[in-house]
Structure formats: C-alpha cells, structure tokens
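Asker: Take a look at this one; I'll ask things after.
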Amino acid sequence: MFFSKTRGRRHEAQSLLFQFLNGKVIVEVTSPYEDRSESRSRYCIGIAVIPIRDGHPDIDAAFTAVTKDISTTGVGIVAKQLIAADEVLIFMGSEASVRPLRAKVCSCHPLGFGWFVFGTEVTALAYPDEYPVLAHFDPNGMRLVS
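Spelled out as structure tokens, the structure:
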C-alpha cells in the first residue's frame, strides 16, 4: 500500500514538471557534476526552497534560488547558500496555492564567490496534510501568513 501511494505521488510530481517543460524551447544540457539516467533541459525561473529537517519543513531556513535545469525526475538549483539538509521542498510557482515538490538533494558543488549548484531528485508532490505549516506559507514573501 505504501509503495503504491509513494509511486503515485512521484508520478504526480513528474507530471507537474512535464507541464513546466511542455511548450518550452528544450535545450538538453549535460552536467560534469553528476551521472543521470535522464537528460535535463535548461529552464531558469525563480523558486522558493525550504529545507526539511527531522521530517518537518524549516520555514526559518527558507530561501530563494534559481533553477539551472529541469527534467521530469529532478531540478538543478543555483543558490547563494549551502543547503544543510538531505531533503527540500521546492516551490516552482509564486501562487500560495502551488503545491511544492519534495526532493532529495543528490549533489552539491561550489561555484565560487559563495554560490552553489545542487542536483535534486524529485520524490513526490507535498500534500497539505503532510506539512500543515505550509498552508500558511507565502512563497512570494518567504514567510508565514495568518
């Protein structure tokens, strides 16, 4: 039962990533940093990232970043800070109603001058019942709202 539920959520997350890619000019990119089973496409948008610590989103550690590339299985992220977590939530839309993607941080490499590039593997869409605090998170303002 658990496997089926997890598999369904991963498929939902992959469908959402496919929607972001659909209709875009796709330029496949390769990375010298990691081996992948699927190629990624350049796709640069602003995102909000929340580290997950001890199974809970750390809202106080939320930050903004930029995507470097994207596929239906993962997102490359460029950030001005180090992600000190093995798992993150990624908001790829600015609306408060956007459900974040849950992703495992697979790699991290310094770019210099305090910048880092992260490779993530998307594992699922995050549901409000999993993380109730997200119902009050505003990805635009990077804060909790009442």
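The opening residue of the sequence shown carries number 880 in my numbering; numbering runs sequentially from there.
For each residue, glycine too, the CB sits at the ideal point set by N, CA and C.
Can you name the residues that DSSP bridges to L980?
Answerer: Numbered from 1 along the sequence shown, position 101 holds the residue referred to as residue 980. According to DSSP, which records beta bridges pairwise, L980 is partnered with I969, L1004.
Asker: Quick one: grab the DSSP three-state call for I926.
Answerer: Position 47 of the sequence shown, counting from 1, holds the residue named residue 926. Looking at I926 - three-state DSSP - the assignment turns out to be strand.
Asker: In its own chain, which residues sit with a C-beta less than 6 Å from the C-beta of L990, not counting the 5 before and 5 after it?
Answerer: Indexing the sequence shown from 1 puts residue 990 at position 111. Within the same chain, L990 has close Cβ partners V996.
Asker: Do you know whose CA, among V984, I956, W994, lies nearest C923's CA?
Answerer: As a working mapping, residue 923 is identified with position 44 in the sequence shown. Minimum Cα distance to C923 is reached at I956.
Asker: Can you check which of these residues, H935, Y1010, I969, T952, is closest to T1032 by C-alpha distance?
Answerer: An answer regarding residue 1032 cannot be provided, because it is not within the stretch 880 to 1025 covered by the chain.
Asker: My output table needs one value for V1024: the three-state DSSP class, helix, strand or coil.
Answerer: Against the sequence shown, residue 1024 aligns to sequence position 145. Reduced to three states, the DSSP call for V1024 is coil.
Asker: Can you tell me the Cα-Cα spacing of G925 and M1021, whole angstroms?
Answerer: Reading the sequence shown from its first residue, position 46 is the one you call residue 925. Reading the sequence shown from its first residue, position 142 is the one you call residue 1021. The alpha-carbon atoms of G925 and M1021 are separated by roughly 12 Å.
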